[in-house]
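First comes the structure, then the notes that go with it.
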Amino acid sequence: MRTKALLVLMALLLLVGMVSAQDTDIVTEHSTDYLNDETLAVQEGEEVDTSAYAKEGPYTIGFINWSTANSWTVQIDEEIKHEATLYPEIEELITVSSDGDVNKQITQIEDMISLGVDALLVIPVATEPIIPALELAKEQGIPVVVFASAPPGEDTQVTTLWADQVLFGRLQGDFLMEELGCAGNIIVLNGLAGIATSDLRRQGLQEAIEACPDGGAGVTVLAEEDALWAYDQGKLAVERMLAAFPEIDGVWSQGGAMTQGAIDAFEAAGRPLVPMTGEDNNGFMLAWQERAADGFEAIAASEPTWQSRVALQAALRILQGIPVNSFYRLQVPTITSETLEQYVRPEYSDAYWTNSLLPKEVADEIYMEASS
Amino acid sequence: MTTATSITARLIEQYRRSPLSRVQPVFFALVGMVILLAIVSPRSAEPSNLINMVRQGGPLALVAIGQTVVMISGGLDLSVGSVVILADVMAAQMISGDESKVIPVVLLVLAIGALVGLANGVLVVLLRVTPFIATLGMNFIVYGAALLYSGGAPRGDIPPNMRFWGNGFIAEVIPAAAVVLLIVALIAWFLISRTVFGRRLTAIGANRRAAYLSGVSVRRVTLLAYVFSGLMASAGGLLLVAFVGVGTLEVGTDFLLGSIAASVIGGTPFEGGKGTVAGTIAGVLFLMVLYSVLTALALPVSGRRIAEGVIILVAVALYARGRSG
Amino acid sequence: MTSMPLTTPTASRTRWLKNWRDVLLIWTILLVLVIVASLASDRFLTPFNLERVTAQLAALALVAIGQTFVLLTAGIDLSVGSVVSLVGTLLVGIITDSPESWVLGTAVAVGVGALVGLVNGLAVTRLKVSPFMVTLATLSIVQGIALFVFERFKDVFEGSISRNFGEVFTGNLGPIPIPLFVIIIPVGIAALVLRQTPFGRHIYALGSNENATRLSGMATDRVKLQVYVISGLMAGLAGLYTSARTLSGNPLIGENLAFESITAVVLGGVSLMGGRGSILGTLAGVLIIGILSNMLNLLRVPSDYQYVLRGALLVLAVMLYARRGRSA
Numbered sequence: 155m156r157t158k159a160l161l162v163l164m165a166l167l168l169l170v171g172m173v174s175a176q177d178t179d180i181v182t183e184h185s186t187d188y189l190n191d192e193t194l195a196v197q198e199g200e201e202v203d204t205s206a207y208a209k210e211g212p213y214t215i216g217f218i219n220w221s222t223a224n225s226w227t228v229q230i231d232e233e234i235k236h237e238a239t240l241y242p243e244i245e246e247l248i249t250v251s252s253d254g255d256v257n258k259q260i261t262q263i264e265d266m267i268s269l270g271v272d273a274l275l276v277i278p279v280a281t282e283p284i285i286p287a288l289e290l291a292k293e294q295g296i297p298v299v300v301f302a303s304a305p306p307g308e309d310t311q312v313t314t315l316w317a318d319q320v321l322f323g324r325l326q327g328d329f330l331m332e333e334l335g336c337a338g339n340i341i342v343l344n345g346l347a348g349i350a351t352s353d354l355r356r357q358g359l360q361e362a363i364e365a366c367p368d369g370g371a372g373v374t375v376l377a378e379e380d381a382l383w384a385y386d387q388g389k390l391a392v393e394r395m396l397a398a399f400p401e402i403d404g405v406w407s408q409g410g411a412m413t414q415g416a417i418d419a420f421e422a423a424g425r426p427l428v429p430m431t432g433e434d435n436n437g438f439m440l441a442w443q444e445r446a447a448d449g450f451e452a453i454a455a456s457e458p459t460w461q462s463r464v465a466l467q468a469a470l471r472i473l474q475g476i477p478v479n480s481f482y483r484l485q486v487p488t489i490t491s492e493t494l495e496q497y498v499r500p501e502y503s504d505a506y507w508t509n510s511l512l513p514k515e516v517a518d519e520i521y522m523e524a525s526s
Numbered sequence: 234m235t236t237a238t239s240i241t242a243r244l245i246e247q248y249r250r251s252p253l254s255r256v257q258p259v260f261f262a263l264v265g266m267v268i269l270l271a272i273v274s275p276r277s278a279e280p281s282n283l284i285n286m287v288r289q290g291g292p293l294a295l296v297a298i299g300q301t302v303v304m305i306s307g308g309l310d311l312s313v314g315s316v317v318i319l320a321d322v323m324a325a326q327m328i329s330g331d332e333s334k335v336i337p338v339v340l341l342v343l344a345i346g347a348l349v350g351l352a353n354g355v356l357v358v359l360l361r362v363t364p365f366i367a368t369l370g371m372n373f374i375v376y377g378a379a380l381l382y383s384g385g386a387p388r389g390d391i392p393p394n395m396r397f398w399g400n401g402f403i404a405e406v407i408p409a410a411a412v413v414l415l416i417v418a419l420i421a422w423f424l425i426s427r428t429v430f431g432r433r434l435t436a437i438g439a440n441r442r443a444a445y446l447s448g449v450s451v452r453r454v455t456l457l458a459y460v461f462s463g464l465m466a467s468a469g470g471l472l473l474v475a476f477v478g479v480g481t482l483e484v485g486t487d488f489l490l491g492s493i494a495a496s497v498i499g500g501t502p503f504e505g506g507k508g509t510v511a512g513t514i515a516g517v518l519f520l521m522v523l524y525s526v527l528t529a530l531a532l533p534v535s536g537r538r539i540a541e542g543v544i545i546l547v548a549v550a551l552y553a554r555g556r557s558g
Numbered sequence: 059m060t061s062m063p064l065t066t067p068t069a070s071r072t073r074w075l076k077n078w079r080d081v082l083l084i085w086t087i088l089l090v091l092v093i094v095a096s097l098a099s100d101r102f103l104t105p106f107n108l109e110r111v112t113a114q115l116a117a118l119a120l121v122a123i124g125q126t127f128v129l130l131t132a133g134i135d136l137s138v139g140s141v142v143s144l145v146g147t148l149l150v151g152i153i154t155d156s157p158e159s160w161v162l163g164t165a166v167a168v169g170v171g172a173l174v175g176l177v178n179g180l181a182v183t184r185l186k187v188s189p190f191m192v193t194l195a196t197l198s199i200v201q202g203i204a205l206f207v208f209e210r211f212k213d214v215f216e217g218s219i220s221r222n223f224g225e226v227f228t229g230n231l232g233p234i235p236i237p238l239f240v241i242i243i244p245v246g247i248a249a250l251v252l253r254q255t256p257f258g259r260h261i262y263a264l265g266s267n268e269n270a271t272r273l274s275g276m277a278t279d280r281v282k283l284q285v286y287v288i289s290g291l292m293a294g295l296a297g298l299y300t301s302a303r304t305l306s307g308n309p310l311i312g313e314n315l316a317f318e319s320i321t322a323v324v325l326g327g328v329s330l331m332g333g334r335g336s337i338l339g340t341l342a343g344v345l346i347i348g349i350l351s352n353m354l355n356l357l358r359v360p361s362d363y364q365y366v367l368r369g370a371l372l373v374l375a376v377m378l379y380a381r382r383g384r385s386a
């Protein structure tokens with residue numbers, strides 16, 4: 155009986171402690187809590203005790219972006235920079251780009267450790283090769299948050315935020331299979347083999363094809379090309395495919411500007427548009443909207459740019475010793491013809507990504523087109 | 234065995250005497266590749282599509298013509314890829330959809346390209362830095378400049394009057410980009426084959442010392458070659474942005490290796506001393522037809538890389554044999 | 059440069075003098091850089107940081123040593139990065155916890171590298187094709203093979219490399235990090251080979267004046283073939299080291315190594331025209347590249363400015379050599 159009472163008391167004390175800890179949470183104090191917003195990030199994995207990482211501010215936080223050569227990575231930078239400005243406790247946010255080079259990324263992780271950052275955020279170029287470097291960060295007591303790519307190791311990073319890339323490809327694939335009734339010829343536009351995101355999304359398409367009632371026997375992948383998510387390569391690839399294959403029933407594109415290239419290539423060749431998949435970049439969404447009335451069917455999967463802000467919030471929680479979960483599954487709306495209207499931004503440039511939490515003033519500043 | 238050899242020898246001898254031998258090998262390779270395309274994918278080899286390949290290769294062809302000129306002089310320009318990107322983001326951002334700005338901005342961007350070329354030339358000629366290092370360093374500098382200029386997020390779009398030159402067709406069959414290419418090619422051909430500059434350029438590439446001793450201003454001619462290459466790289470960037478329609482740092486085409494490969498396949502030896510505009514354009518078209526063949530065969534990226542490498546190796550080996558034989 | 063007969067002691071001594079002046083210059087630049095770095099950031103001279111920089115540089119150092127041999131003969135090897143990628147992709151399927159697999163893995167790394175080098179060397183000597191074009195072609199082919207292995211044999215070449223194997227190259231021997239040995243031992247051997255053996259002298263002679271060397275009766279083709287094999291072999295070792303460091307294989311990991319190694323070697327005073335430069339210079343070049351990037355990262359310089367700075371410094375350093383070349 156006595157022990158039970160003691161236990162209850164302890165539990166109460168713990169609860170009070172937690173509540174009071176959350177009272178002083180700087181995330182809720184200065185910003186909107188996205189990390190615990192179930193519409194954005196669903197908690198999975200186990201709760202991680204972060205008390206060992208707890209330290210007083212001001213904080214220096216490092217962020218290693220896998221590249222800054224495309225508009226998505228740039229917006230990821232903009233989102234996290236904006237979020238960082240909200241906290242007086244953040245003394246400095248250091249952002250660097252790995253330019254798609256794994257070797258460079260490993261060097262940057264190690265240099266960030268040398269620099270003594272308080273927490274490190276990474277978008278991996280490739281997952282496995284960076285594990286030893288992340289373990290080094292762990293040894294040095296620097297908490298790591300990984301996002302936008304598959305989790306590298308079991309416990310090398312404190313937490314992972316992930317919009318499932320296989321699911322991304324799967325959702326696109328399911329749409330295409332439904333449009334085609336699991337029968338027909340498709341062409342495939344990938345990013346780049348060897349880059350985790352590209353490989354995983356492609357895997358998702360494969361699952362979608364194999365999930366067809368006949369195991370995908372009715373679907374033929376006519377041709378497949380790595381077009382680097384770029385417009386020029388996407389358009390050139392599709393032009394060649396159109397020339398070679400008289401019957402193309404669907405385009406599975408991983409997204410980026412490649413899908414726009416595909417649309418333009420179909421139109422230039424005078425071929426009727428077929429169902430296509432893409433991503434939520436404004437350029438593609440605008441092109442889609444213009445043609446939706448004429449019956450163009452498309453879907454946009456999304457890899458939200460706001461995730462860099464959520465990742466920063468996770469890092470700030472860890473630094474305060476507030477428990478986080480080991481895994482957060484990001485909730486990603488798939489944009490269909492019905493919801494297209496909500497997302498597309500005619501007044502912004504093609505470089506804008508529509509699944510964003512950037513405040514209007516900030517986005518206007520960066521993306522407003524001078525002419526419109 | 235012996236008869237076979239002697240027949241081959243006689244055939245080679247006959248070929249050497251015939252007017253055919255004056256046709257550059259790259260044209261045979263091009264025809265051969267088109268035939269291969271017609272076999273693996275008859276639809277791809279239809280005339281309208283073949284003409285379209287001229288448009289697809291337009292930006293690369295412009296860059297490659299500049300590369301050829303530098304290579305003829307015995308040099309190399311590794312900065313072309315970055316110049317293309319800089320031209321692309323600058324043009325889109327400065328024009329920003331305004332038709333009236335097209336001409337002044339195009340001229341300005343061309344001038345900036347020429348300026349980068351001038352910087353390369355000064356490094357190589359006056360400061361005696363090896364072309365490889367001078368232009369590699371410039372490549373980093375210009376790429377950094379493009380990132381800085383665009384703030385990482387390129388803005389602006391290209392108005393219809395300029396997009397036409399990247400995407401449009403004249404009389405519905407002739408790509409406007411092909412016309413641009415033809416005009417530039419004619420100018421470049423004239424420059425290389427019909428002017429004192431061209432003769433000196435070739436002389437320098439063939440034997441720098443001899444050229445110098447015979448009174449050629451090696452410095453000025455080399456400098457001009459780099460200026461020309463910078464100019465052509467920015468022209469390639471302008472044609473690319475007219476094709477894409479918006480400013481972008483995401484350029485998937487490998488202009489650097491592509492331009493060198495096209496020049497070499499087109500008959501410009503890496504060591505310099507000769508080379509033709511027609512050969513280089515044929516080299517670019519050869520690559521375009523090759524890519525179509527690879528697409529028709531549905532080869533994955535790995536197969537593509539292997540095929541590209543093998544073809545470059547075969548091409549240079551054949552030329553080398555031709556030289557020694 | 060010198061068109062004198064190159065085998066006479068006087069000519070050889072002049073060459074060494076010239077090389078030594080270049081080496082002195084580059085090590086002075088390195089020293090200045092180290093001083094600047096340690097003044098600019100108190101994080102620079104920490105044991106942890108120096109250990110990391112060493113680990114970061116070992117692969118580049120190995121590749122740069124091979125590249126030095128090739129550049130000294132006025133050749134070039136662009137295929138080294140693809141070799142590193144291919145070796146890593148293969149080793150994932152080979153190296154397990156058993157030491158036998160380590161021997162096999164090392165043999166594969168060295169074998170693949172030497173084989174690619176042999177192909178390069180044969181194409182350069184037999185087909186008389188320019189080294190730039192040959193190795194550009196093999197860069198593409200070997201990269202393609204790496205991607206092919208990665209894409210098509212995922213189930214065989216999957217997972218990660220044994221940690222124990224990783225320790226062999228990345229751990230510590232007493233207080234000294236092993237990557238330091240990975241750099242120093244090959245540098246020492248290469249320096250000895252280049253300075254003390256007839257092979258080394260042939261390489262310099264070949265690079266200085268190929269025609270004169272051939273006329274003097276030396277088998278120039280054999281020397282050329284050998285340098286490409288050495289370069290491939292060193293790239294294979296760099297691939298082995300990279301696998302140990304990353305405990306994995308990635309088909310793109312070596313992508314930038316070719317240009318980076320050439321930059322390092324040229325910074326170190328090796329002329330692209332051949333015949334001039336030394337391994338000690340190359341070592342300094344490698345260190346400069348690594349320390350510069352480390353310093354810029356520690357000083358939090360944004361990526362775009364890093365590009366501009368890197369380009370400008372490369373050109374500046376080489377300008378120094380060019381000026382000296384003229385005055386000498």
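Chains as they are written, first to last, in the working numbering: chain A, 155 to 526; chain B, 234 to 558; chain C, 59 to 386.
Every residue, glycine too, gets a C-beta built ideally from N, C-alpha and C.
Requested in this report: Can you check the segment 412-498 of chain A for any alpha helix (DSSP H) of at least 4 residues that lies completely inside it and give the ranges in chain order?
Outcome: 412-422, 436-446, 461-473, 494-497
Query - Proximity test, Cβ basis, 8 Å: residue 541(B) and chain A - result: Start at 1 with the first residue of the second sequence, and residue 541(B) comes out as number 308. Closer than 8 Å: no.
Query - Interface partners of residue 289(B) on chain A, CB under 7 Å - result: On the second sequence, residue 289(B) is found 56 positions in, with the first residue counted as 1. Chain A residues near residue 289(B): 390, 393.
Query - Selected residue, minimal CA-CA separation from residue 260(C), among 330(C), 281(C), 96(C) - result: Position 202 of the third sequence, counted from the start, is the residue given in the question as residue 260(C). Closest by alpha carbon: 281(C).
Query - Residue-chain proximity (residue 246(B), chain A), Cβ-Cβ < 8 Å - result: Looking up residue 246(B) in the second sequence gives position 13. Not an interface residue.
Query raised in the report: Taking a cut of 7 Å between CB atoms, which residues from the segment 196-210 of chain C lie near chain A?
Result: 205, 208, 209
Query raised in the report: CA-CA distance, residue 318(A) and residue 207(A)?
Result: Reading the first sequence from its first residue, position 164 is the one you call residue 318(A). Reading the first sequence from its first residue, position 53 is the one you call residue 207(A). Near 27 Å, if we compare the C-alpha coordinates of residue 207(A) and residue 318(A).
Query - Backbone CA spacing between residue 398(B) and residue 471(B) [nearest angstrom] - result: Along the second sequence, read from residue 1 onward, the residue named residue 398(B) stands at position 165. Along the second sequence, read from residue 1 onward, the residue named residue 471(B) stands at position 238. Between residue 398(B) and residue 471(B), the C-alpha separation is close to 10 Å.
Query raised in the report: Would you say residue 299(A) and residue 469(A) are within 8 Å of each other, going by their C-beta atoms?
Result: Here residue 299(A) refers to the residue found at position 145 when the first sequence is read from its first residue. Here residue 469(A) refers to the residue found at position 315 when the first sequence is read from its first residue. Yes, Cβ-Cβ distance for residue 299(A) and residue 469(A) is below 8 Å.
Query raised in the report: With a CB to CB cut of under 7 Å and the five nearest residues on each side skipped, what residues in its chain are close to residue 144(A)?
Result: The structure shown has nothing for residue 144(A), since chain A only spans 155 to 526.
Query raised in the report: Using a Cβ-Cβ cut-off of 6 Å (strictly less than) and excluding sequence neighbours within five positions of residue 214(A), which residues of its own chain qualify?
Result: Residue 214(A) sits at position 60 when you count from the first residue of the first sequence. Closer than 6 Å at the Cβ level, and outside the excluded window around residue 214(A), lie 245, 246, 271, 272.
Query raised in the report: Would you say residue 351(A) faces chain C, with C-beta separation under 8 Å as the test?
Result: Position 197 of the first sequence, counting from 1, holds the residue named residue 351(A). Judged by the 8 Å Cβ criterion, residue 351(A) is not in contact with chain C.
Query raised in the report: How should residue 331(C) be labelled, buried or exposed, when 16 other C-beta atoms within 10 angstroms of its C-beta is the threshold for buried?
Result: Sequence index remark: in the third sequence, residue 331(C) carries index 273 (1-based). Label assigned to residue 331(C): exposed.
Report task. Answer yes or no: does any C-beta atom of chain A fall closer than 8 Å to that of residue 79(C)? Result -> Here the question's residue 79(C) lines up with position 21 in the third sequence. Chain A contact via Cβ: absent.
Report task. Can you check DSSP and say which residues form a bridge with residue 338(A)? Result -> Taking the first sequence and counting its residues from 1, the one referred to as residue 338(A) is at position 184. Bridge partners of residue 338(A): 373(A).
Query - Nearest-angstrom Cα separation, counted from residue 191(A) out to residue 176(A) - result: If you number the first sequence from 1, residue 176(A) lands on position 22. If you number the first sequence from 1, residue 191(A) lands on position 37. Below a pLDDT of 50, predicted positions are generally treated as unreliable, and residue 176(A), at 49, falls in that range; no measurement from the model is reported.
Query - Cβ-Cβ distance between residue 549(B) and residue 191(C) below 8 Å - result: Locating residue 549(B) in the second sequence gives position 316, where the first residue counts as 1. Locating residue 191(C) in the third sequence gives position 133, where the first residue counts as 1. It is a contact, given that the beta carbons lie within the stated cut-off.
Report task. Could you name the residues of chain A that residue 310(C) contacts, counting a contact when the two beta carbons are closer than 9 Å? Result -> Locating residue 310(C) in the third sequence gives position 252, counting from the first residue. Correct list: 254, 255, 256, 279, 280, 346, 347, 348, 349.
Query raised in the report: Going by other Cβ atoms of all chains shown within 10 Å of its Cβ, with 16 needed for buried, is residue 363(C) buried or exposed?
Result: The sequence position of residue 363(C) within the third sequence is 305, counting from 1. Burial call: exposed.
Query raised in the report: Of the residues that make up the segment 482-501 of chain B, which ones have a beta carbon closer than 9 Å to any beta carbon in chain A?
Result: 482, 483, 484, 485, 486
Report task. Kindly list, in the order they appear in chain C, the residues whose Cβ is closer than 8 Å to that of residue 538(B). Result -> The residue you call residue 538(B) lines up with position 305 of the second sequence. Ordered by position in chain C, the residues that pass the 8 Å Cβ test against residue 538(B) are 198, 199, 201, 202, 205.
Requested in this report: Using three-state DSSP, classify residue 100(C) as helix, strand or coil.
Outcome: Working through the third sequence from its first residue, we reach residue 100(C) at position 42. Three-state DSSP puts residue 100(C) in coil, outside helix and strand.
Query raised in the report: What's the C-alpha gap between residue 112(C) and residue 311(C)?
Result: In the third sequence, residue 112(C) corresponds to position 54, counting from 1. In the third sequence, residue 311(C) corresponds to position 253, counting from 1. Spanning the two alpha carbons is a distance of roughly 18 Å.
Query raised in the report: CA-CA distance, residue 268(A) and residue 292(A)?
Result: Walking along the first sequence from the start, residue 268(A) turns up at place 114. Walking along the first sequence from the start, residue 292(A) turns up at place 138. One C-alpha to the other measures close to 13 Å.
Query raised in the report: Are at least three pairs of beta-carbons, each pair with one atom in the segment 469-485 of chain A and one in the segment 186-201 of chain A, less than 8 Å apart?
Result: yes
Query raised in the report: How many angstroms separate the CA atom of residue 135(C) from the CA atom of residue 439(B)?
Result: The count along the third sequence starts at 1 and reaches residue 135(C) at position 77. The count along the second sequence starts at 1 and reaches residue 439(B) at position 206. For residue 135(C) and residue 439(B), the distance between alpha carbons rounds to 24 Å.
Query raised in the report: Can you name the residues of chain C whose CB is closer than 7 Å to the CB of residue 237(A)?
Result: Working through the first sequence from its first residue, we reach residue 237(A) at position 83. Result: empty, since nearest Cβ-Cβ is about 18 Å, beyond 7 Å.
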